[in-house]
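Numbering (the UniProt record's numbering), first residue to last: 1 to 148.
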């Protein structure tokens, strides 16, 4: 089973600043409490092909995650695909950014989650939990981006 969650928030920062903050995936620890550690390869600016490797704690389990940037179009679009082999993965995800006025940016985040093997039975629970937390997740992104 696969399913998507998404959230949309308005950030009180210019679009270029929000894009730079979100494009540096190492900032995920600032708004995602499940991300314990994250590294970027290769070093330098994020581009298509950049890989973020993280240690994540979900439902009491610690796993390693690897995401590859598949689209990076400043200042509006960031896309990724999870390449790690876990029970439930983000087949695709991303941010869509839109300037909504001087100094404000609408941010939409989404992830399409899918289960693999035994994870197919767990994917529905993961999607349900992600949807339940989606608005709070969006607010954490807003808070972190505004504080940066």
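Glycine residues also receive a C-beta, built at the ideal position from the N, C-alpha and C atoms.
Predicted model, so just to flag it, every value in this text is computed and none were measured.
Outcome for residue i when other beta-carbon atoms lying within 10 angstroms are tallied against a minimum of 16
i, result
"residue 125", "exposed"
"residue 94", "buried"
"residue 48", "exposed"
"residue 128", "exposed"
"residue 57", "exposed"
"residue 37", "exposed"
"residue 12", "exposed"
"residue 107", "buried"
"residue 103", "exposed"
"residue 130", "buried"
"residue 136", "exposed"
Beta-carbon separation (whole angstroms), residue i vs residue j, contact threshold 8 Å
i, j, result
"residue 15", "residue 87", "Their Cβ separation, rounded to whole angstroms, is 36 Å, which puts residue 15 and residue 87 out of contact at 8 Å."
"residue 41", "residue 35", "Actually they are not in contact, since the Cβ atoms of residue 41 and residue 35 sit about 16 Å apart, beyond 8 Å."
"residue 90", "residue 113", "6 Å"
Coil, strand or helix - residue i by DSSP
i, result
"residue 131", "helix"
"residue 119", "helix"
"residue 125", "helix"
"residue 5", "strand"
"residue 111", "strand"
"residue 76", "coil"
"residue 65", "strand"
"residue 47", "coil"
"residue 138", "helix"
"residue 30", "helix"
"residue 104", "strand"
Element boundaries [beta strand (DSSP E), containing residue i]
i, result
"residue 16", "It is not in any beta strand (DSSP E) - residue 16 instead sits in the alpha helix (DSSP H) that spans 15 to 23."
"residue 52", "51 to 58"
"residue 41", "35 to 41"
Beta-carbon proximity check, residue i vs residue j, cutoff 8 Å
i, j, result
"residue 142", "residue 9", "yes"
"residue 55", "residue 25", "no"
"residue 99", "residue 21", "no"
"residue 81", "residue 68", "yes"
"residue 144", "residue 18", "no"
Within-8 Å CB hit, residue i to chain D
i, result
"residue 112", "Considering every chain present, this structure includes no chain D. It has just one protein chain."
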